[in-house]
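Protein chains: 2
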Amino acid sequence: MNYGMGLLDALAEKFGVFPGISEKTAWKMVFHVLKMPKDIATNLANDIIQVSEKMKKCQVCRCFTETEICHICCDETRDKSMVCVIQNMKDMFAFERMGYKGVYHVLDGLLSPMNGIGPEDIGICELLARVENSVISEIIMAIGPTVEGDATTNYIFSLLKPLGITVTRLAYGLPVGSSLEYTDDVTLNAALEGRNEI
Amino acid sequence: MNYGMGLLDALAEKFGVFPGISEKTAWKMVFHVLKMPKDIATNLANDIIQVSEKMKKCQVCRCFTETEICHICCDETRDKSMVCVIQNMKDMFAFERMGYKGVYHVLDGLLSPMNGIGPEDIGICELLARVENSVISEIIMAIGPTVEGDATTNYIFSLLKPLGITVTRLAYGLPVGSSLEYTDDVTLNAALEGRNEI
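If you're matching them up, the sequences are chains A and B in order. Counting from 1, position 126 in the first sequence corresponds to residue 1360 in this note's numbering; the numbering is continuous, with no gaps. Counting from 1, position 37 in the second sequence corresponds to residue 1271 in this note's numbering; the numbering is continuous, with no gaps.
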């Protein structure tokens, strides 16, 4: 809603298009900017411009970075032969929190032929080139088990299999700490199929 | 949490200090900035700087505005003799949505002697000066019925009463459309005390 407040309306509208930001939260943010010291607001504005202008894709793993090669791909302590394929950079953070010590390949989402999104649109060609040009012992497919996720995983697997590389996927099963009583049938079935000897 | 992502971490941290923005939402916003066209990001950054630098308080009602006098106080169609006293600018929007046609006096929050916030800190002195220097027929106290809200309302009333001005306050009672069953005792008591003949 426009309150005839000029600049404030304009800023609220811009905050309002961010994902997960309601009109109410957008206005809270505008009032927060009003209360901010000017240098803090300037720093925020500069960061937005910098992120928008300076971030590019890492030439190895395709995550966003300020440099040609990201800090993860540059890190000598990481196992470069283990590549975790994820559908976007957000998923990288989950692995980083967990302390994963391999490297990544970040796709731009999932295959979606219905929407005209093919392998060349999401970075699968770059993954193939990477596999051919470097020493990789294992590709871990870490894409969520949705219809499009499975299609993407299977497609990548079909490309990598002829190259003789070990391709694994994350285990499906019961979330740790979950109750059997509330587990959905598909997950329970996956847990049963993937059962391990104790 | 810092992911060693440089600029991205810095921006996520800055978004994270906004009210109502969780770490997760802050990161969603960062990724949204990454996907934005550069000119949109620049406009957003400029708006933040403009809001931070150009907004000042209206010399009449103390709401934030780009001009000396805000568009509400300049509006010839509004009833300047009816002044609604509110505790911050957010509350103004509620009245604007409703179609209120008087003008406002915006306080900087509420009296709070425990925190050292006195009448001179929240703009009560300016309200008194305004009442003395202009033709005002009614002051509507529209401050929420909290302990500090009531203290502020009562304090302002005690100052205005000797000046012979009509001071009203918003009615307390049942919210329209509410169910008696779920109404709290204090509100029900207020509704009973303020009962009107049909």
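Glycine included, C-beta positions come from ideal geometry on N, C-alpha and C.
Within 9 Å, strictly: CB atoms of residue i and residue j
i       : j       : result
A/C1297 : A/Y1338 : yes
B/Q1284 : A/L1241 : yes
A/V1264 : A/A1279 : no
A/H1305 : B/M1239 : yes
A/A1425 : A/L1408 : yes
A/I1282 : B/I1351 : no
B/E1372 : B/V1401 : yes
B/I1255 : A/I1255 : yes
B/H1266 : A/F1391 : no
A/G1428 : A/Y1406 : yes
Proximal residues to residue i (C-beta, below 6 Å), its chain only, five neighbours per side dropped
i       : result
B/V1294 : I1303 and C1307
B/L1361 : H1339
A/I1356 : L1341, D1342 and G1343
B/M1332 : none
Assumed close pair residue i, residue j - CB separation to whole angstroms, cut-off 8 Å
i       : j       : result
B/I1377 : B/M1316 : At roughly 16 Å, the Cβ-Cβ gap does not stay under 8 Å, so B/I1377 and B/M1316 are not in contact.
A/K1248 : B/W1261 : 18 Å between Cβ atoms; not a contact.
B/E1389 : B/P1353 : Reading off the sequence shown, one finds Tyr at residue 1389 of chain B, where the question assumed Glu. Yes, they are in contact, since the Cβ atoms of B/Y1389 and B/P1353 sit about 7 Å apart, within 8 Å.
A/C1359 : A/Y1334 : Their Cβ separation, rounded to whole angstroms, is 25 Å, which puts A/C1359 and A/Y1334 out of contact at 8 Å.
B/L1344 : B/T1386 : 5 Å
B/K1314 : A/S1286 : B/K1314 to A/S1286, Cβ: 45 Å. No contact.
B/K1288 : B/E1300 : 5 Å
Residues near residue i in its chain [Cβ-Cβ closer than 8 Å; skip 5 each side]
i       : result
B/I1320 : M1326, F1329, Y1338, H1339, V1340, L1341, A1376 and I1377
B/N1322 : V1340, L1341, D1342 and G1343
A/L1422 : L1408 and L1414
B/T1311 : K1335
A/N1430 : none
Chain-order list of residues whose beta-carbon lies under 7 Å from that of residue i (same chain, five-residue window excluded)
i       : result
B/T1417 : L1408
A/D1243 : N1236 and Y1237
A/P1379 : Y1406
A/I1370 : S1315, V1317 and I1399
Residue i Cβ short of 8 Å to the ligand ADP heavy atom set
i       : result
B/T1311 : Judged by which ligands are present, the structure shown has none, so any question about the ligand ADP falls away.
> For the 8 Å Cβ check, are there 3 or more pairs between the region 1357-1373 of chain B and the region 1395-1408 of chain B?
Replying inline: Yes, they touch.
> Which ranges does the beta strand (DSSP E) cover as unbroken runs of at least 3 residues, wholly within the region 1373-1421 of chain A, from first to last along the chain?
Replying inline: Correct list: 1400-1403.
>> Quick check for students: name the residue ranges of the alpha helix (DSSP H) that lie wholly in the region 1291-1338 of chain A, counting only runs of 4 or more.
In response: Positions of the alpha helix (DSSP H) runs, each at least 4 residues long and wholly inside the region 1291-1338 of chain A, are given as 1305-1308 and 1323-1332 in order along the chain.
> Where are the alpha helix (DSSP H) runs, 4 residues long or more, that stay fully inside the region 1246-1279 of chain B, in chain order?
Replying inline: Here the runs fully enclosed are 1257-1269.
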